[in-house]
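Below: the structure, in structure tokens.
Residue numbers (our numbering): 1 to 82.
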């Protein structure tokens, strides 16, 4: 599973921030393959939960959002305290 924001971040980093950026064709191909996974959209409650998780676990907001998105989609192995 992957989130919409993570797909966007992959595209941004892959096509513009790497020392040797991906071509549009290669990036599009990779994005198409990633989009075949379950894509989880963030909503307001998830964003608020991510803010709590970032504070609770000492994570960046981006990392906490990814954790909460995975948890909300059914990932196991971690239980939020809130």
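Backbone N, C-alpha and C fix where the C-beta goes; we use that ideal spot for every residue, glycine too.
Please identify the residue among the options whose C-alpha is closest to the C-alpha of residue i.
i, options, result
"residue 45", "39, 38 and 53", "53"
"residue 74", "23, 28 and 38", "38"
Rounded to whole angstroms, what is the Cα-Cα separation between residue i and residue j?
i, j, result
"residue 17", "residue 23", "12 Å"
Which of the three DSSP states is assigned to residue i in this structure?
i, result
"residue 45", "helix"
"residue 3", "strand"
Is the beta carbon of residue i sitting closer than 7 Å to the one on residue j?
i, j, result
"residue 48", "residue 7", "no"
"residue 68", "residue 50", "yes"
Starting from the C-beta of residue i, find all residues in its chain whose C-beta is less than 7 Å away, skip the five residues before and the five after it, and write them out in chain order.
i, result
"residue 66", "3 and 6"
Going by beta carbon distance, what residues of the same chain come within less than 6 Å of residue i, once the five residues before and after it are set aside?
i, result
"residue 15", "21, 22 and 27"
If I measure Cβ to Cβ from residue i and keep anything under 8 Å in the same chain, skipping five residues before and after, which residues do I get?
i, result
"residue 29", "none"
"residue 31", "7, 10 and 11"
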